Each structure stands twice: as C-alpha cells, then as structure tokens.
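Read the structure below first, then the notes.
There are 2 protein chains.
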Amino acid sequence: MYAQATSIHEISHHPSSVLCRQSRTYGPFGMVATPMRFARNSEIYGEDEAAEHLYQVVSGAVRTYKIMEDGRRQIGAFYLPGDIFGFEAGDSHIASAETVCETHLLMVKRSALIVRASQDCELTRQLWDAMALELRRFQEHLMLLISSAEQRVVAFLLDMSRRTTKNAAIELPMSRQDVADYLGLTIETVSRTLTQLEQNGVIALPTLRRIELRNDKLPSHVAQNLG
Amino acid sequence: MYAQATSIHEISHHPSSVLCRQSRTYGPFGMVATPMRFARNSEIYGEDEAAEHLYQVVSGAVRTYKIMEDGRRQIGAFYLPGDIFGFEAGDSHIASAETVCETHLLMVKRSALIVRASQDCELTRQLWDAMALELRRFQEHLMLLISSAEQRVVAFLLDMSRRTTKNAAIELPMSRQDVADYLGLTIETVSRTLTQLEQNGVIALPTLRRIELRNDKLPSHVAQNLG
DNA sequence: CGTAGCCTTGACATGACTCAACTATGGTGG
DNA sequence: CCACCATAGTTGAGTCATGTCAAGGCTACG
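Residue numbers (our numbering), protein chains in the order written: chain A, 1 to 227; chain B, 1001 to 1227.
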C-alpha cells in the first residue's frame, strides 16, 4: 500500500553505460570484473532472473527487495561502497536489486568464481565468510523487526553510521520510504520517530537526509548494539 | 519477557551419548560424519562459540535463537530431518542451537569440508546452493515478520506442512512458545489465532500439537505462498 | 487422583497504522 | 534571481491489532 505510493522514475532496464576499458579491472575476491554505471532507481536484476553474477558497490548505494502479494515492498538490505551482493541466489535471484542513487558497480561471473574457488582453499574460505556475513546481516535484520519503532530507527541509524563514516554524521542516500520499507514501518512512523529523537536530543537533522548522532544520548537499550 | 517464562529442563551441555561406531557414517555432502544423540532442550552449540562443525538432522528437531537485551528470545529457524544447519557462522556462531525434542544428528568438520570443496567444483557449488537456501529461508522469515498475526501463523503452518508430510496433517514438535518466538508474536496471540483459524474451518486441532490443514479454505492472501 | 506445565480465554492498554491536510525542498523555466 | 511546480517529508486525529496482565482449563505423567 504505502510502497505503492513511491513513484519510481528513471527506471532504465539496463546499464546506462558499460565501461569496457581495455585494461583489466579487478573486483571482489580478486576476480576480473566489469565496471558498470547505473542511474538512480535503475534495476540491476529482477527477482527470479537467472543469477549469473556477483556485484561489488564502488560508489552509490543499492537496495534489494521483494514485493509482497498485498503490494507492500520489503527491502532486504542496503549495500554501500565496498559491499558485495548477489549471494541471495541458487540458480535465480530471490529478490530484485535496484540502485538508490547513481551507482558504480563491479560485476564478476559466479561460474568463474566457483571454478576458481574449487582450486583455491583460501578463496573457498573467503566465499564462505562473505556468505556468513550476509546471513549475519539477515539475522540482525530479523531481530530489528521484532522491536519497537524507536529501536528499529536507532539501530538503523547506528548501522548506517558504522558502515559509512567513522564520525557521527551520516548522509542517507535513501528516502524515508526506503527506510520505512527496510524497517517494516510506515513512512509516517519513521518521520515521527526521527522528530521525537531530535526533540530528545539524540540526533540532529541539519537537512532532510543528513543526520548527526549524539552517541552519548542513545537510549540505553540499543546502545549495546554498537559493534 | 515472555520468553523468560519458558522454563528449560534437561539442559545437558553435551551430547548425552556420542555413538562412535567402528563403521564409518557418511553425512551431509558425503563427508565422514559423527552421529550424535541429544535429549530434549539440549544445547548443541552456544552463540559466539567457535564454529567448527556443520550438522544434519537425522530425526527430531532443532531451533536456533538469540536472546535480545530485553530478554526476549528470537528463534531464527527450525531444522527438521534432512536439514543442514550451522552455516550461520564466520569463525563463531551468531546464534545458539538447541534441540526441540529428542534428536539425532550427524556432525561434520567445517575445515575438512572446505578442504574438500577446494578440490571439487561440484561440492563448492553444492555448498553455495545450501547457503543460498539458508539465505532464502531468512528472507522469507523477514517477509513473515512484517505481516499480520494471521498471515504469520498460516505461513508457518504451510511451511511446516510442506517440509514434513505431504498430506495435510502436521505434528508440531515445538511448543506454542517456540512458535511465538519464531513468529515474533506473543504466545497468547498465537493461541488466539489458532482458535480463530479453527473456528473458520481453516484448520482442525485434534490434539494440541496436531494440526490439520484445509488447504481449500486458506485465506487467499497467503495461499500464494505455497511452494 | 493429584500436580505441574502448557495452553486458552477475557478485559484492558497502547503503539503503530490509516487517512488527510499541511509544509519544506530542490529543480526548472521565465 | 525568483516564481512555480512536483516530490518528499511532517504533523494531527482517530482506529485497530497486538501486547499485557490475570484467571482458568487441559493434558500427561507419576
């Protein structure tokens, strides 16, 4: 329902430009990779599409999501520069992936990766660990979804803070609607919660997308979530 | 809070008996495996313990879970006969694992598996697929947690039905409290929802733990969840 | 037949959702 | 540079689903 409201612009169903430089580029796990650029809100792959690649974010941000029968959208994860995504796949993807803003990616072939892993014990281990990290993220996301709105929002902000800058200010690449669909809340509840956190002095909101955290003022029950 | 109420009996911190037969037993992925037996509610491994093994359920049932700061317990997954678990780990486990009822397991060494996978492309692929399946389960669990109580309970029953018998009756190995902690609901809400489903003729409850599904009467909005 | 654990039911409280109006922001063209 | 528009975000009032607290009923096992 509310996800429906998100009008999506600039959907370009394939890479705005694929930069195939002559010189080889190396991506995740030291594999030969193809650099790609996507405009904002572009589809990278769709649910149920054959899963032939693995991706690493160079700049920008990516969201993976599923649309439920009732029309709601659940965002499974956000991927930021350095993150690798596309694991969530046996033969085909189980979620769609879109860019949140203009994004540069590196793309590697899954089949090539598997072949190389089967000759390289260290690489097999790295792959295992990367998937375990992905599982850990999902597990933490699960825990989030059973807490209160305030806990969800604070945990989200802390996670973003930890993953981007080391200082306490974050520049969110995604809209309130994205945040809401990630946290399993409505956009109104996210907005109200942010306002309330600001009034309590836990955060400052110099602009809509910029958020400054006062770590010392965090509600104690979530402070422990800090990595 | 309510999770606290679950009084746990018969915690035996290690395998009641490890059957080390002379003849070798083969477990998941064709690896040499150690058979083990656990009593009901026994700990298999704890959160943050070193993750040295992978397990396959032979008979019985297993739950993985985390305890949150506020005392609530979130069950991440149930594993039934045939299922493999223990993937959710880089160097150490990110959740605890306990038996739901008396359970027989096969245990294989992760390190040995990695070594063999790095010589066997097919095995690498199988491992990848197994972890992808695990990710898929988590993704589906995520979707569950943002739906209504009725949708959660029905989806849970359908999932259990699909994974156990092919007919429409299921014998739940776990308590209402387990179900509640898996679905992110209270035990009261689970109970009320089951009663309501029974009154609507969607299910029958011949005994507390036995549930019969009338697939034809399922609420349409979840019927699509059928695999 | 008694008891303990598990489950159900009821009455009430409350946090998040819905619907609706309003405000701020950022980009575009005059 | 300003006015305008579309988009994004905020705020308010009222409703509803689920949680909380408390009592009571099964069931199974000794």
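Heads up, the beta-carbon is just placed ideally off N, CA and C, and yes, glycines get one too.
Owing to the predicted nature of the structure, the values given are computational and were not obtained by experimental measurement.
- Among the bridge pairs identified by DSSP, GLN56 of chain A is matched with A:ILE84 and A:LEU106.
- An exposed status is given to GLN119 of chain A, since fewer than 16 other beta-carbon atoms sit within 10 Å of its beta-carbon.
- Under a 10 Å Cβ-count criterion, PRO1173 of chain B is classified as buried, with 16 or more other Cβ atoms of the shown protein chains found around its own Cβ.
- With a 10 Å radius around the Cβ and a threshold of 16 neighbouring Cβ atoms, ASP91 of chain A comes out exposed.
- Taking 8 Å as the cut-off, the Cβ atoms of ASP178 of chain A and ARG40 of chain A do not count as close.
- ILE211 of chain A and GLN139 of chain A have their C-alpha atoms spaced approximately 25 Å apart.
- For a Cβ distance threshold of 9 Å, nothing in chain A lies close to ASP1083 of chain B: the least Cβ distance comes to about 15 Å.
- Residue-level contact by beta carbon fails for ALA97 of chain A and chain B, as no gap is shorter than 8 Å.
- At a cut-off of 8 Å, the C-beta of ILE94 of chain A has a neighbouring C-beta in chain B.
- For LYS217 of chain A, DSSP records no beta bridge to any residue.
- Between ALA97 of chain A and ILE44 of chain A, the gap from beta carbon to beta carbon is short of 8 Å.
- Chain-ordered, the chain B residues with CB closer than 9 Å to the CB of GLN119 of chain A read SER1118, GLN1119 and CYS1121.
- Taking all protein chains shown into account, GLN199 of chain A has fewer than 16 neighbouring C-beta atoms within 10 Å of its C-beta and is therefore exposed.
- MET31 of chain A has its alpha-carbon roughly 24 Å from the corresponding atom of ARG163 of chain A.
- Boundaries of the beta strand (DSSP E) around THR1099 of chain B: 1096 to 1099.
- Burial is judged here by how many other beta carbons sit within 10 angstroms of a residue's own beta carbon; SER148 of chain A has fewer than 16 and is exposed.
- Every unbroken stretch of the beta strand (DSSP E) spanning 3 or more residues and falling wholly within the region 1161 to 1201 of chain B is given here in chain order: 1169 to 1171.
- For GLU1069 of chain B, the closest alpha carbon among the candidates A:SER23, A:ILE94, A:ALA89 and A:LEU144 is that of A:LEU144.
- Exposed is the label assigned to PRO206 of chain A, since fewer than 16 other Cβ atoms lie within 10 Å of its Cβ.
- For GLN1126 of chain B, the uninterrupted alpha helix (DSSP H) run begins and ends at 1121 to 1144, by DSSP.
- Closest in C-alpha terms to LYS109 of chain A, from the list A:THR34, A:VAL100 and A:ASP48, comes A:THR34.
- Not one beta carbon of chain A lies nearer than 8 Å to the beta carbon of MET1160 of chain B.
- The secondary-structure analysis by DSSP pairs GLU1043 of chain B across a beta bridge with B:GLU1098.
- Per DSSP, reduced to three states, the secondary structure at ARG1152 of chain B is helical.
- Under the Cβ criterion of 8 Å, GLN1056 of chain B is not counted among the residues facing chain A.
- Taking every protein chain shown into account, the CB of ALA77 of chain A has 16 or more other CB atoms within 10 angstroms, so this residue is buried.
- CA-to-CA, the gap between ARG209 of chain A and SER175 of chain A works out to about 8 Å.
- The alpha-carbon of ARG1116 of chain B is positioned some 49 Å away from that of ILE187 of chain A.
- For GLY46 of chain A, no Cβ of chain B is located within less than 8 Å of the residue's own Cβ.
- Residue environment: GLU1171 of chain B is assigned as exposed (fewer than 16 neighbouring CB atoms within 10 Å of its CB, all protein chains considered).
- DSSP, reduced to helix, strand and coil, places SER111 of chain A within a helical segment of the structure shown.
- Annotation: the continuous beta strand (DSSP E) that includes THR1064 of chain B extends over 1062 to 1067.
- Sixteen is the threshold: since fewer than 16 other Cβ atoms of the shown chains lie within 10 Å of the Cβ of GLU122 of chain A, the residue is exposed.
- By DSSP's assignment, ARG210 of chain A forms a beta bridge with A:GLU171.
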